[in-house]
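One structure is given here, and the rest of the page talks about it.
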Amino acid sequence: MDQVEDTVRAVLRDVLSLDAGRVAGFDADTELFGALPELDSMAVAGVLTELEDRLGIVIDDDEVDGEMLETFGALTRFAAGKALV
Amino acid sequence: MQIKAGDRFGVAGVTQRAERCANGEAMLRFGPAQGPTVLAAAALFEEGNRTRALLVEVLRRLAARGIGAALPDLPGQNDSLVPTADARLAEWRAAFAAVAAELPGPVHVVALRGGALLDAEARVASRWYLSPVSGAAQVREWRRVRALGGAADYAGNAIDEAMVAALAAAEPWVAGPLRVVRLDGDPRAADRHVPGAPLWRASEPRGDAALARVLADDIAAWIERCAT
């Protein structure tokens, strides 16, 4: 789980071009979609695809909704659910 | 800025000039006019925009080491006058092969991402790929961008469905001397993993001078090894 969280953090930093220090401060309640102007639809696609590549998972576009992208914790749980099965 | 054929402009002691391919497309040339020559294949469409600064920086660094380099526009890509919608994989491959045949040899391909799908017909001494991607994976990502954005095109690029279909069936060419470099964090097989962020996925990519230096060093060492 920690490894997945580190990966999600790194992917958000790289795809959204966010400051590393800022991303290091993200916790489970940090709001993402709607709160981060960098996270537009194109960036969402980049985040999902980069997560797939780094975690070796496949995300079906049908699974993508506002809820899984709402907070850092939600996105990490979603990714972990895929990576740890 | 419109760059005309024959324009010369120096960058930190590196000779850089604008030339024309036989098909009329622009081609940036760097460094010595004699071989070996690196022939660069940029990443595709939006990814190409996001990584162009990195690629040019790598080619400049190679030129500074005495290795010539060429970065041709392909019909419908970058500054080409051909509309994006008219870009076709078969024409890109033929154009790329034609440039390879005209450059001073030995010619070594350096391709980023989907650029590795373009050199299948080029007769070259070796291939060096950064994070090569299959056409199927590339197209899947484009479709995802289009679906999430609710747009009719692909991240602002009006790519014809014939081009999309041809790319979807394309694989990186892996025959002959080949070196694959990927970034740390990418678990797929490679000859080497290097530190750096995937600029092709970054909304607002920053330059990465450290990555450019590492890549240029790796390419120069690879070309030297190919010669022995």
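If you read the protein sequences in the order shown, they are chains V and X.
Residue numbering for the first sequence follows the numbering used here, beginning at 1 and increasing consecutively.
Residue numbering for the second sequence follows the numbering used here, beginning at 1001 and increasing consecutively.
A virtual CB, placed ideally from N, CA and C, is assigned to each residue, including glycine.
Subject >> Residues from the region 1174-1200 of chain X in contact with chain V, defined by Cβ distance under 8 Å >> reply: Answer set for the region 1174-1200 of chain X: Gly1185, Asp1186, Pro1187, Arg1188, Ala1197 and Pro1198.
Original post:
With a Cβ-Cβ cutoff of 8 Å, do glycine 1149 of chain X and serine 41 of chain V count as a contact?
Top reply: The count along the second sequence starts at 1 and reaches residue 1149 of chain X at position 149. The count along the first sequence starts at 1 and reaches residue 41 of chain V at position 41. Taking the C-beta atoms as reference points, serine 41 of chain V is found nearer than 8 Å to glycine 1149 of chain X.
Subject >> Three or more C-beta pairs below 8 Å linking the region 1075-1087 of chain X and the region 1176-1189 of chain X >> reply: Counting C-beta pairs with one atom in each stretch, the region 1075-1087 of chain X and the region 1176-1189 of chain X have fewer than three that are closer than 8 Å, which means they do not touch.
Subject >> Minimum Cβ-Cβ distance from aspartate 62 of chain V to chain X less than 8 Å >> reply: For the purposes of this step, residue 62 of chain V is identified with residue 62 of the first sequence, where counting begins at 1. Chain X, which has no Cβ nearer than 8 Å to the Cβ of aspartate 62 of chain V, makes this no.
Original post:
What is the DSSP secondary structure of glutamate 52 of chain V, counted as helix, strand or coil?
Top reply: For this step, residue 52 of chain V is matched to residue 52 along the first sequence. Assigned with DSSP and collapsed to three states, glutamate 52 of chain V falls in helix.
Original post:
Of the residues X:Arg1143, X:His1193 and X:Asp1073, which one's Cα is nearest the Cα of asparagine 1229 of chain X?
Top reply: There is simply no residue 1229 of chain X to check, as chain X begins at 1001 and stops at 1228 in what is shown.
Original post:
If you measure from the beta carbon of valine 44 of chain V to each beta carbon in chain X, is any gap under 8 Å?
Top reply: To locate residue 44 of chain V, count along the first sequence from 1; it is residue 44. Yes - at least one Cβ of chain X is within 8 Å of the one on valine 44 of chain V.
Original post:
Using the rule of at least 16 other Cβ atoms within 10 Å of the residue's Cβ for burial, across every protein chain shown, is glycine 81 of chain V buried or exposed?
Top reply: Taking the first residue of the first sequence as 1, we reach residue 81 of chain V at position 81. Per the 10 Å Cβ criterion, exposed.
**OP:** On a CA-only basis, which of X:Ser1131, X:Ala1033 and X:Gly1115 is nearest alanine 1064 of chain X? Give me that one, please.
**Re:** Translated into the one-based positions of the second sequence, residue 1064 of chain X becomes position 64. Minimum Cα distance to alanine 1064 of chain X is reached at X:Ala1033.
**OP:** Indicate whether at least one CB of chain X lies closer than 8 Å to the CB of threonine 49 of chain V.
**Re:** Residue mapping note: residue 49 of chain V aligns to position 49 of the first sequence, counting from 1. Yes, its Cβ sits closer than 8 Å to a Cβ of chain X.
**OP:** Quick one: grab the DSSP three-state call for phenylalanine 78 of chain V.
**Re:** The count along the first sequence starts at 1 and reaches residue 78 of chain V at position 78. In the three-state reduction of the DSSP assignment, phenylalanine 78 of chain V falls in the helix class.
**OP:** Mark glutamine 3 of chain V as exposed unless 16 or more other C-beta atoms lie within 10 angstroms of its C-beta, in which case mark it buried.
**Re:** Taking the first residue of the first sequence as position 1, residue 3 of chain V is located at position 3. Note on glutamine 3 of chain V: under 16 other CB atoms within 10 angstroms of its CB, so exposed under the neighbour-count rule.
**OP:** In the DSSP assignment, find the alpha helix (DSSP H) that holds glutamate 1019 of chain X and state where it starts and stops.
**Re:** As a working note, residue 1019 of chain X is residue 19 in the second sequence. Boundaries for glutamate 1019 of chain X: no alpha helix (DSSP H) harbours it, while the beta strand (DSSP E) harbouring it runs 1014-1020, taken from the DSSP string.
Original post:
Which chain X residues sit within Cβ distance under 7 Å of aspartate 53 of chain V?
Top reply: Counted from its first residue, the first sequence places residue 53 of chain V at position 53. Residues of chain X with a Cβ closer than 7 Å to the Cβ of aspartate 53 of chain V are, in chain order, Asp1186.
Original post:
So, are the CB atoms of leucine 1062 of chain X and isoleucine 1219 of chain X less than 8 Å apart?
Top reply: Translated into positions along the second sequence, residue 1062 of chain X becomes position 62. Translated into positions along the second sequence, residue 1219 of chain X becomes position 219. Using a Cβ distance threshold of 8 Å, leucine 1062 of chain X and isoleucine 1219 of chain X count as a contacting pair.
Original post:
Would glycine 1010 of chain X count as contacting chain V if we go by Cβ distances under 8 Å?
Top reply: By one-based count along the second sequence, residue 1010 of chain X stands at place 10. The predicted position of glycine 1010 of chain X is uncertain, since its pLDDT is 49 and thus under 50; no value can be drawn from it.
Original post:
Between the region 5-26 of chain V and chain X, which residues of the former have CB atoms less than 7 Å from a CB of the latter, in chain order?
Top reply: Those would be Ala10, Asp14, Val15, Leu16 and Ser17, in chain order.
Original post:
Where does the unbroken alpha helix (DSSP H) through threonine 1051 of chain X begin, and where does it stop?
Top reply: For this step, residue 1051 of chain X is matched to residue 51 along the second sequence. For threonine 1051 of chain X, the uninterrupted alpha helix (DSSP H) run begins and ends at 1045-1064, by DSSP.
Original post:
Which residues in chain V sit within 9 Å of serine 1134 of chain X, going by Cβ to Cβ distance?
Top reply: Position 134 of the second sequence, counted from the start, is the residue given in the question as residue 1134 of chain X. At a beta-carbon threshold of 9 Å, none of the residues of chain V lie near serine 1134 of chain X; the nearest stands roughly 12 Å away.
Original post:
Three-state secondary structure (DSSP) at threonine 1228 of chain X?
Top reply: Position 228 of the second sequence, counting from 1, holds the residue named residue 1228 of chain X. Reduced to three states, the DSSP call for threonine 1228 of chain X is coil.
**OP:** Ignore the nearest five residues each way along the sequence and tell me which others in glutamate 1057 of chain X's own chain have a CB closer than 6 Å to its CB.
**Re:** Counting from 1 along the second sequence, the entry for residue 1057 of chain X is found at position 57. Taking glutamate 1057 of chain X as the centre and dropping the five residues before and after it, the same chain places the C-beta of Ala1212 closer than 6 Å to its C-beta, in chain order.
Subject >> Collapsed DSSP secondary structure at arginine 1088 of chain X in the structure displayed >> reply: Reading the second sequence from its first residue, position 88 is the one you call residue 1088 of chain X. Correct three-state label for arginine 1088 of chain X: coil.
Subject >> 8 Å Cβ cut-off: residues of chain V touching proline 1205 of chain X >> reply: Here residue 1205 of chain X corresponds to residue number 205 of the second sequence, with the count starting at 1. Around proline 1205 of chain X, the beta-carbon contacts reaching into chain V at under 8 Å are Ser17.
Original post:
For tryptophan 1128 of chain X, which residues does DSSP report across the bridge?
Top reply: Here residue 1128 of chain X refers to the residue found at position 128 of the second sequence. Paired residue(s): X:Val1110 and X:Arg1179.
Original post:
Can you tell which of X:Leu1054, X:Gly1076, X:Val1109 and X:Ser1080 has its C-alpha closest to the C-alpha of glycine 1068 of chain X?
Top reply: Numbered from its first residue, the second sequence carries residue 1068 of chain X at position 68. Just measuring C-alpha positions, the residue of X:Leu1054, X:Gly1076, X:Val1109 and X:Ser1080 sitting nearest glycine 1068 of chain X is X:Val1109.
Original post:
Sorted by chain position, which residues of the same chain lie with C-beta nearer than 7 Å to alanine 1043 of chain X's C-beta, five sequence neighbours on each side aside?
Top reply: On the second sequence, residue 1043 of chain X is found 43 positions in, with the first residue counted as 1. These residues qualify, in order along the chain: Thr1051, Leu1112, Arg1113, Gly1114, Gly1115 and Trp1200.
Original post:
Given 8 Å as the limit, is there contact between the region 1138-1145 of chain X and the region 28-38 of chain V, that is, 3 or more CB pairs closer than that?
Top reply: As far as the Cβ criterion goes, the region 1138-1145 of chain X does not touch the region 28-38 of chain V, which means the pair count is below three.
Original post:
Can a CB atom of chain X be found closer than 8 Å to the CB of glutamate 38 of chain V?
Top reply: Indexing the first sequence from 1 puts residue 38 of chain V at position 38. Chain X places a beta carbon closer than 8 Å to that of glutamate 38 of chain V, counting this residue as a contact.
**OP:** Can you give me the Cβ contacts of serine 1131 of chain X inside the same chain, cut-off strictly under 6 Å, excluding the 5 residues immediately before and after it?
**Re:** In the second sequence, counting from the first residue as 1, residue 1131 of chain X sits at position 131. Residues of the same chain with a CB within less than 6 Å of the CB of serine 1131 of chain X, apart from the 5 flanking positions on each side, are Arg1113 and Arg1182 in chain order.
Original post:
Going by alpha carbons, who is nearest to alanine 1101 of chain X out of X:Val1082, X:Pro1083, X:Leu1081 and X:Ala1125?
Top reply: Along the second sequence, read from residue 1 onward, the residue named residue 1101 of chain X stands at position 101. Out of X:Val1082, X:Pro1083, X:Leu1081 and X:Ala1125, X:Ala1125 has the C-alpha closest to the C-alpha of alanine 1101 of chain X.
Original post:
Can you find a C-beta in chain X that's less than 8 Å from the C-beta of glycine 73 of chain V?
Top reply: Here residue 73 of chain V refers to the residue found at position 73 of the first sequence. Judged by the 8 Å Cβ criterion, glycine 73 of chain V is not in contact with chain X.
Subject >> Presumed contact (8 Å Cβ cut-off) between leucine 48 of chain V and valine 64 of chain V, rounded CB distance >> reply: The sequence position of residue 48 of chain V within the first sequence is 48, counting from 1. The sequence position of residue 64 of chain V within the first sequence is 64, counting from 1. Indeed they touch by this definition, with Cβ atoms about 7 Å apart.
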